[in-house]
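Residue numbers (mature numbering (1 follows the signal peptide of the UniProt record, and there is no 0)): -26 to -1, 1 to 271. The beta-carbon is built from N, C-alpha and C at its ideal position, and this holds for glycine as well. Since the model is a prediction, treat every value here as computed from it, not as a measurement.
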Amino acid sequence: MKTITTLTYTIFNLLIFCNAWISASECPPMHWYNSSNLEAMRVRFERWLKQNDRITKIKKNGSAKTLKNSYNLTDNKFADLTNEEFVSPYLGFGTRFLPHTGFMYHEHEDLPESKDWRKEGAVSDIKDQGNCGSCWAFSAVAAVEGINKIKSGKLVSLSEQEFRDCDVEDGNQGCEDYPYEGVDGTCNKEKALHHAANISGHVKVPANDEAMLKAKAAAANQRLYLKGVFSGICGKQLNHGVTIVGYGKGTSDKYWIVKNSWGADWGESGYIRMKRDAFDKAGTCGIAMQASYPLKD
């Protein structure tokens, strides 16, 4: 008991010292300090130390020079989670087979070198899905918010909670007065009647074709992403839904501008730039494998 108490006191003082005097990216997170569960705190502290050590080695690894210059990792709010603790609550994407329209764009189209729909007011503020595994709802809602703004001129923050509660038959309608609670609930049919936006269908982009994906846009490392153009290895087993809101080109890398749903304190204020025109046709992290976008008459 004395050993654990001493360890707890040491950890607590480290947390206070770090957050007061050192960059937060170099310190263990405060959120898991809990004097009522010392063993759990010890376990999470050890996980954080391992992640911190791994990040430090990646930064110092000479053989990873290109990787090091491409993007940065940080020991963020996910650093003390196991893969199992992270996957179910913070991912949650599953393959769905829905009616769709054939793709309507072609490679020879004259497309701009860059496009950022945020600059045109077609992207709502970054949201946080919490730990309910509802990335699919957030990515779908973000796409609908965008097409609604482009077509109607009005940007409306739509309800992810309605998607969770009222999917699938009425999944093409949204209302803004239906707050997100981060749980599966019963469809509130009264609120669902008040439609803030609607779509007429959706189009599936041909799989494994980043050139086509650019036309419509006119795995452990990823969760620790801080900034830069992400080009790391994260596999092609799709388990997370995000929304491409544009694309661009830096000094050395072309990239997608991707809106995530892990809060504004993750990545580049809630966004991640992912390497575009990757050697693999599936794209970085399989980004070109199962893309789609909504239609609005």
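Figure out for me which residue from the options has the closest Cα to the Cα of residue i.
i, options, result
"P63", "Y45, Q103 and L47", "Q103"
"T258", "K24, V232, N11 and K178", "V232"
"E94", "K125, A252 and D227", "K125"
"E164", "E13, D227 and E136", "E136"
"D54", "L85, L65 and V17", "V17"
"D227", "A252, N213 and S266", "A252"
"residue 348", "N213, G175, R138 and K178", "Absent from the model: residue 348. The displayed extent of the chain is -26 to 271, so no value can be given."
"S266", "L12, I173 and P180", "P180"
"G237", "L12, K51 and K34", "K51"
Give me, in chain order, the residues of the same chain whose beta-carbon lies closer than 6 Å to that of residue i; leave out the 5 immediate sequence neighbours on both sides.
i, result
"G206", "N195"
"A116", "T217 and K233"
"D254", "none"
"Q25", "D49 and A53"
"P268", "A117, V118, I121, I173 and H176"
"L41", "Because the pLDDT at L41 is just 47, under 50, the model does not fix this residue reliably, and the point stays unresolved."
Can residue i and residue j be called in contact, C-beta distance under 8 Å?
i, j, result
"I121", "K270", "yes"
"D49", "I29", "yes"
"N234", "G224", "no"
"C140", "C161", "yes"
"R138", "S108", "yes"
Got a sec? Which residues, its chain only, sit under 7 Å from residue i by beta carbon, not counting five neighbours each side?
i, result
"I261", "W230 and M248"
"Y199", "Y45, L47, G241 and I246"
"V130", "E119, N122, E150, A170 and A171"
"A38", "Any answer about A38 is weak, because its pLDDT of 44 lies below 50 and its placement is not dependable; what the coordinates show is given next. Counting only Cβ-Cβ distances below 7 Å, and skipping sequence neighbours, we find I32."
"D84", "none"
Skipping 5 residues on each side, what residues in its chain have a beta carbon closer than 8 Å to that of residue i?
i, result
"R92", "V219, G220 and I231"
"D239", "N50 and K51"
"L65", "G107, C109, N213 and H214"
"R21", "A53, D54, L55 and T56"
"M78", "In this predicted model, M78 has a pLDDT of only 46, less than 50, meaning its place in the structure is not dependable; the value taken from the coordinates is given anyway. Excluding positions up to five away in sequence, the list reads V177."
"residue 322", "Given that the chain is displayed from residue -26 to residue 271, the structure contains no residue 322 and the question cannot be resolved."
"K128", "N122"
Should the region 211 to 222 be regarded as contacting the region 104 to 116, the criterion being three or more beta carbon pairs within less than 8 Å?
yes
Segment contact, 8 Å Cβ cut-off, at least three pairs: the region 197 to 204 with the region 86 to 98
no
As an exercise, report each continuous beta strand (DSSP E) stretch of at least 3 residues that is fully enclosed by the region 85 to 110, in chain order.
none
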